[in-house]
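The opening position of the sequence shown corresponds to residue 1 in full-length UniProt numbering, with each subsequent residue numbered one higher. Each residue gets a CB set at the ideal place from its N, CA and C atoms; glycine is no exception. Written out below as structure tokens is the structure these notes cover.
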Amino acid sequence: APRPQTSSKEDDSSVQRGRIRPLYDIPYVFEAREVLRQFVGKQVTVQVDYIQPKTSNTVDERVCATVRADDVNLALTLVSKGLASVVRYRNANDSRSVFYGELLAAEENAQSKGLGMYSKQDPPIHRVADLTGNVAKSRQFLSFLQRAERLDGVVEFVFSASRFRIYIPRETCVITLLLGGIQCPRRGRVGPDGVALPDMPFSNEAYTFVKELCMHRNVEVKVETIDRVGNFVGYLFVDIPSLSNNGPDTNKSSGKKKKKKVAETTVRQKTNLTVLLISQGFGTVHRAPTTERSPHYHDMIKAEEDAKINRCGLWSSDQFVKEWEAEVQNNSDPTALSGADDGSLIPLTGFSEYLDDLSELQLNENSDSTTVINNDNIKQLSWKPVQITGISRPASGSQGLRFYAQHLSDACTLVKISQMLNSQSFPSFPSEYYPKKGSLCIACFSLDNCWYRARVIRSSPKSVTVQFIDFGNEEVIDSAEYSSRLSPLPSGPLMQLPPQMKEYRLAFVQLPPDTSDRVFAERAFCDLVENKELRLAVQYESVPCGNESLKPVPAVTLLLPVADLKTSGSSVCPNDIDISESLLSNGLVCVEPIQPQLLKRLPRNLLHKYLDAQALAKKERKNIWRYGDFRADVEQL
Numbered sequence: 001a002p003r004p005q006t007s008s009k010e011d012d013s014s015v016q017r018g019r020i021r022p023l024y025d026i027p028y029v030f031e032a033r034e035v036l037r038q039f040v041g042k043q044v045t046v047q048v049d050y051i052q053p054k055t056s057n058t059v060d061e062r063v064c065a066t067v068r069a070d071d072v073n074l075a076l077t078l079v080s081k082g083l084a085s086v087v088r089y090r091n092a093n094d095s096r097s098v099f100y101g102e103l104l105a106a107e108e109n110a111q112s113k114g115l116g117m118y119s120k121q122d123p124p125i126h127r128v129a130d131l132t133g134n135v136a137k138s139r140q141f142l143s144f145l146q147r148a149e150r151l152d153g154v155v156e157f158v159f160s161a162s163r164f165r166i167y168i169p170r171e172t173c174v175i176t177l178l179l180g181g182i183q184c185p186r187r188g189r190v191g192p193d194g195v196a197l198p199d200m201p202f203s204n205e206a207y208t209f210v211k212e213l214c215m216h217r218n219v220e221v222k223v224e225t226i227d228r229v230g231n232f233v234g235y236l237f238v239d240i241p242s243l244s245n246n247g248p249d250t251n252k253s254s255g256k257k258k259k260k261k262v263a264e265t266t267v268r269q270k271t272n273l274t275v276l277l278i279s280q281g282f283g284t285v286h287r288a289p290t291t292e293r294s295p296h297y298h299d300m301i302k303a304e305e306d307a308k309i310n311r312c313g314l315w316s317s318d319q320f321v322k323e324w325e326a327e328v329q330n331n332s333d334p335t336a337l338s339g340a341d342d343g344s345l346i347p348l349t350g351f352s353e354y355l356d357d358l359s360e361l362q363l364n365e366n367s368d369s370t371t372v373i374n375n376d377n378i379k380q381l382s383w384k385p386v387q388i389t390g391i392s393r394p395a396s397g398s399q400g401l402r403f404y405a406q407h408l409s410d411a412c413t414l415v416k417i418s419q420m421l422n423s424q425s426f427p428s429f430p431s432e433y434y435p436k437k438g439s440l441c442i443a444c445f446s447l448d449n450c451w452y453r454a455r456v457i458r459s460s461p462k463s464v465t466v467q468f469i470d471f472g473n474e475e476v477i478d479s480a481e482y483s484s485r486l487s488p489l490p491s492g493p494l495m496q497l498p499p500q501m502k503e504y505r506l507a508f509v510q511l512p513p514d515t516s517d518r519v520f521a522e523r524a525f526c527d528l529v530e531n532k533e534l535r536l537a538v539q540y541e542s543v544p545c546g547n548e549s550l551k552p553v554p555a556v557t558l559l560l561p562v563a564d565l566k567t568s569g570s571s572v573c574p575n576d577i578d579i580s581e582s583l584l585s586n587g588l589v590c591v592e593p594i595q596p597q598l599l600k601r602l603p604r605n606l607l608h609k610y611l612d613a614q615a616l617a618k619k620e621r622k623n624i625w626r627y628g629d630f631r632a633d634v635e636q637l
């Protein structure tokens, strides 16, 4: 088959592996693959011609064979189209294919006709954008991929039962697709600490099932959203043959015609792979807001119930059933989503969009709509003094204003950690050490040359990015500085102490979709809270902001004391500045959409105050409202 030309200096296999190019860049490799894909799923016969022994440039011995599908020789097909060349042997007694003469004749015919690689014209150019692992470029393609009802695609690789590499011809791009609405068992892998994690039950069965069904097959893709690292999330629709033509041919006189007719009349139905996996017991429904809004949600629930009744796959294990029921019960517990148990919250139903006025809320029949809520209710929350240490900026998938905070009650612990790290010397990493993503270490901060606990969050051959786990800020360390600025985290108290910074988000508000508006809002937030002592109270936990796909963090209210900035403790004053209200009144953020399946009860007094601040900024067309209401455009995406 066609391959890039290599010089004599590039005979080493490791060099070759490092310089392999995508098949779209190598002339005629794409065309050769498309020819071979026509035979995927068909019954073939394999005739082993010879076995090449292992050499210094090969990993293992190679079995060389002739592959035939009915009367079609696959190698002969490629050679006759000018998509492969015939190996020239040095010695007459070298092992070769039994069809070697036919292959030479087919090659000569392709050369004379100027087919494929023998054409005098320039080879076809395939400009394909590889979006895998590229967050910025993936977000540029997101709107184009979301608009289409379904996109035709080709599965190039199956990473797991729910993760695929797919070529999209219409948009000329290659994406990584994660199946939405499903949780599949994971195959064995190496964990963040370098320890090998075993296969989960039925993980290999699910992988084999999906690989045989999807590998190099034509599929349809529906893209819903994108995650924080640039993987697209959506649904995959595959062909499932409704008839089997593998049975014996009972009509001997017209065997070939009969078989061909059956194959042509086989009806193929497009099937949602997520629903199919769940029905086979190879996964469970991922109960999340995005899943519940999906048009396939009821099909997934029904498939899960059927698999559970029939004890398919995962459901054949009583231990798994108990763990699953406990998890579902825990996630469906309404108290886990409550803000406070003081009666200041009123149950809601029937609203899942942006909110502009409390009159749009539909109260449950059993709720007391005449309850009077006064400003004293806000004091019943648990207020804690904190200091903001930085902004959390996930790569994608976040809609809330996230930040890192240190509780002032942990100040003594922070001092002890600093003293332990900077009062002694630690061994440096060896020069050949390559820090792994997720590993804990201690790192020297460039601004003060002090040592702090850190975690490697990104790693490359030239540098690593570490996050200081007690503060939240990040820093890039070049590989040349590993020996002077990185050291293994010693076992003992430093390893056992949890991170002293915690990640939160502002409750009931979300950032605007425009990147520049987001940056402006984050800067304004930093100006309000930087180097100041604030009061923090958790309103609710485990609730994502709007339609974000990231793991939820506690949603909080932040107050800036104005009476006495030096006063410590948990007391609050009516004149204290609400950070969220300040951002809303200046048109820097908006009130997030309310999701009844997650947020069962709302603090109406606080929400009423936020809506008034938003309405005023919207009326005066401040900042994000300068061109009118942008939220209608966001809901259409």
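For residue i, the nearest candidate out of the options (CA to CA)
i           : options            : result
residue 576 : 589, 324, 557, 594 : 557
residue 514 : 227, 398, 323      : 398
residue 473 : 618, 277, 443, 611 : 443
residue 271 : 61, 299, 390       : 299
residue 102 : 92, 69, 85, 211    : 85
residue 491 : 184, 504, 453      : 453
residue 543 : 573, 505, 530      : 505
residue 620 : 281, 239, 588      : 588
residue 385 : 536, 217, 418, 480 : 536
residue 33  : 49, 77, 53         : 77
residue 125 : 502, 509, 625, 26  : 26
residue 500 : 23, 90, 418        : 418
residue 148 : 127, 183, 220, 215 : 220
residue 524 : 437, 328, 315, 401 : 401
residue 66  : 47, 128, 178       : 47
residue 436 : 70, 486, 421, 623  : 486
residue 169 : 305, 154, 144, 188 : 154
residue 285 : 387, 180, 204      : 180
residue 81  : 68, 87, 36         : 36
Below-7 Å beta-carbon distance, residue i vs any chain D residue
i           : result
residue 627 : The displayed structure is made up of one protein chain only, and chain D is not part of it.
Buried or exposed (CB count within 10 angstroms, at least 16 for buried), residue i
i           : result
residue 310 : exposed
residue 197 : exposed
residue 222 : buried
residue 104 : exposed
residue 235 : buried
residue 593 : buried
residue 457 : exposed
residue 539 : buried
residue 404 : buried
residue 274 : buried
residue 117 : buried
residue 345 : Confidence is the limiting factor: at residue 345 the pLDDT is only 33, short of 50, which leaves the residue's position unreliable, though a coordinate-based value still follows. Residue 345 should be labelled buried.
residue 22  : exposed
residue 629 : exposed
residue 318 : exposed
Opening and closing residue of the beta strand (DSSP E) in which residue i lies
i           : result
residue 50  : 45-52
residue 101 : Premise fails: residue 101 lies in the alpha helix (DSSP H), 100-113, not in any beta strand (DSSP E).
residue 224 : 218-226
residue 166 : 163-168
residue 152 : 151-160
residue 539 : 533-540
residue 307 : Premise fails: residue 307 lies in the alpha helix (DSSP H), 297-310, not in any beta strand (DSSP E).
residue 68  : 62-69
residue 278 : Note, residue 278: premise wrong, no beta strand (DSSP E); alpha helix (DSSP H) at 273-279.
residue 556 : 555-560
Whole-number beta carbon distance between residue j and residue i, since they are thought to touch under 8 Å
i           : j           : result
residue 107 : residue 79  : 5 Å
residue 613 : residue 581 : 5 Å
residue 534 : residue 470 : Not really, about 18 Å apart at Cβ, beyond 8 Å.
residue 130 : residue 174 : 5 Å
residue 521 : residue 583 : 6 Å
residue 187 : residue 203 : 4 Å
residue 441 : residue 488 : 6 Å
Boundaries of the alpha helix (DSSP H) in which residue i is found, first to last residue
i           : result
residue 615 : 604-619
residue 584 : 579-585
Check: residue i C-beta below 6 Å from any heavy atom of the ligand FAD
i           : result
residue 302 : In the structure shown, the ligand FAD is absent, as is every other ligand, since no ligand is present at all.
Would you list, in sequence order, the uninterrupted beta strand (DSSP E) runs of no fewer than 3 residues that lie entirely inside the segment 488-515? 501-506
Can you list, in chain order, the stretches of the alpha helix (DSSP H) that have 4 or more residues and sit fully within the segment 386-423? 411-422
At which residue ranges does the UniProt domain "Tudor" (434-492) contain complete alpha helix (DSSP H) runs of 4 or more residues, listed in the order of the chain? 482-485
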